[in-house]
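Residue numbers (this note's numbering): 2 to 235. Every residue, glycine too, gets a C-beta built ideally from N, C-alpha and C. Because the structure is a prediction, the values reported are computed rather than measured. Read through the structure below, which is laid out as structure tokens, and then see the notes.
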Amino acid sequence: KLCEGILNILEKDTKTSCQVACLETLRILSRDKKVLVPVTTKRNMQILMRLAKLDNVEDPLERESEFPVIVEALKCLCNIIFNSSVAQKLSLELNLAAMLCNLLQKCKDQRFVDDIKCFDLRLLFLLSLLHTDIRSQLRQDLQGVQVLTQALESSLSVRWTEEYKAAEDRDRPPLSLQETDCAIEALKALFNVTLDSWNVHSKNESHQFRYMAAILRHCLLTTGPTEDKTEELH
Numbered sequence: 002k003l004c005e006g007i008l009n010i011l012e013k014d015t016k017t018s019c020q021v022a023c024l025e026t027l028r029i030l031s032r033d034k035k036v037l038v039p040v041t042t043k044r045n046m047q048i049l050m051r052l053a054k055l056d057n058v059e060d061p062l063e064r065e066s067e068f069p070v071i072v073e074a075l076k077c078l079c080n081i082i083f084n085s086s087v088a089q090k091l092s093l094e095l096n097l098a099a100m101l102c103n104l105l106q107k108c109k110d111q112r113f114v115d116d117i118k119c120f121d122l123r124l125l126f127l128l129s130l131l132h133t134d135i136r137s138q139l140r141q142d143l144q145g146v147q148v149l150t151q152a153l154e155s156s157l158s159v160r161w162t163e164e165y166k167a168a169e170d171r172d173r174p175p176l177s178l179q180e181t182d183c184a185i186e187a188l189k190a191l192f193n194v195t196l197d198s199w200n201v202h203s204k205n206e207s208h209q210f211r212y213m214a215a216i217l218r219h220c221l222l223t224t225g226p227t228e229d230k231t232e233e234l235h
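Quick look at the structure:
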């Protein structure tokens, strides 16, 4: 009943601070699988998707005041997808993977969106891990390899000297914690999406995998903010 009450409040146009508080509470509650039974309905998933800006609209993310709401809604979706097989099935019906790819594109060249990118990528990782149909959808229909590789390239701030050769800067400072976390989530999702890709058929796929290999090499030469984070990144 508490979860239903929270979602009823979130369905209305309430203040940002109220939305964040409700989503933080829902995120904590959604760690309990028993609590998720009333939450995992199409209506409730759509409420959270709307708050996370998971839609087909091409407008950029402009209102920074909404960013904490987007992040908390994505965190809630991560917990719900991870803990509920019903939510995993609904995510395919609601075309969640396509909406996540669209949100990643909205984050391009935007400031203060690292947390949004990180939890968007984490949700893509979970979907591609837990639902084989979504893994196939990402690879075949949504250009998932390209989208995730670009997200990884952006997180690592890759500069190119040749088509498949990234610039090596040994004096470059370590990645920030947020950049490292985004890169790790992109790598995890890429692993899932390319898991069955040993047989490359097209010229475009060949280019994509050579491009990805160059970024992965650059990743191995990159350090994170701590030794533990560097090890996790590699």
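Would you say residue i and residue j are within 8 Å of each other, going by their C-beta atoms?
i: I82; j: L128; result: yes
i: R32; j: N80; result: yes
i: N193; j: R136; result: yes
i: Q138; j: A98; result: yes
i: I48; j: L8; result: yes
i: L91; j: T15; result: no
i: T223; j: L131; result: no
i: F126; j: K43; result: no
Could you work out which residue in the options is closest to residue i when comparing CA atoms only?
i: D121; options: K54, R136, C220 and H132; result: K54
i: L95; options: R51, I216 and Q209; result: R51
i: A187; options: Q147, D172, H132 and K35; result: Q147
i: V58; options: L104, V70 and H208; result: L104
i: L62; options: Q106, E12, A99 and V21; result: Q106
i: V159; options: K189, K16, L221 and E206; result: L221
i: P226; options: Q20, P174 and D197; result: P174
i: D60; options: C108, S177 and T231; result: C108
i: V38; options: I10, E5, R64 and L157; result: E5
i: E65; options: D172, N84, T17 and T231; result: T17
i: S85; options: N45, A74, E73 and K34; result: K34
i: E228; options: C19, E73, S177 and S155; result: S177
i: M100; options: D170, W161 and L143; result: L143
i: L217; options: S207, M46 and E154; result: E154
i: T195; options: R171, G145 and V36; result: G145
So, does the CB of residue i fall closer than 8 Å to a CB anywhere in chain C?
i: L78; result: Absent from the structure: chain C. Only one protein chain is present.
Per DSSP, which residues does residue i bridge with? Please list them.
i: A167; result: W161
Since residue i and residue j should fall inside the 8 Å C-beta cutoff, what is the C-beta to C-beta distance between them, to a whole number of angstroms?
i: T133; j: L191; result: Going by Cβ atoms, the distance from T133 to L191 rounds to 16 Å, so no, they are not a contact pair.
i: A214; j: A167; result: The Cβ separation is near 11 Å, so there is no contact.
i: V21; j: F68; result: Wrong, their Cβ atoms sit about 10 Å apart, outside the cutoff.
i: R28; j: C102; result: Actually they do not touch by this definition, with Cβ atoms about 23 Å apart.
i: L3; j: L30; result: 7 Å
Could you tell me whether the region 176 to 190 touches the region 102 to 122, where touching means 3 or more Cβ pairs closer than 8 Å?
-> The region 176 to 190 and the region 102 to 122 touch, with no fewer than 3 CB-CB distances between them shorter than 8 Å.
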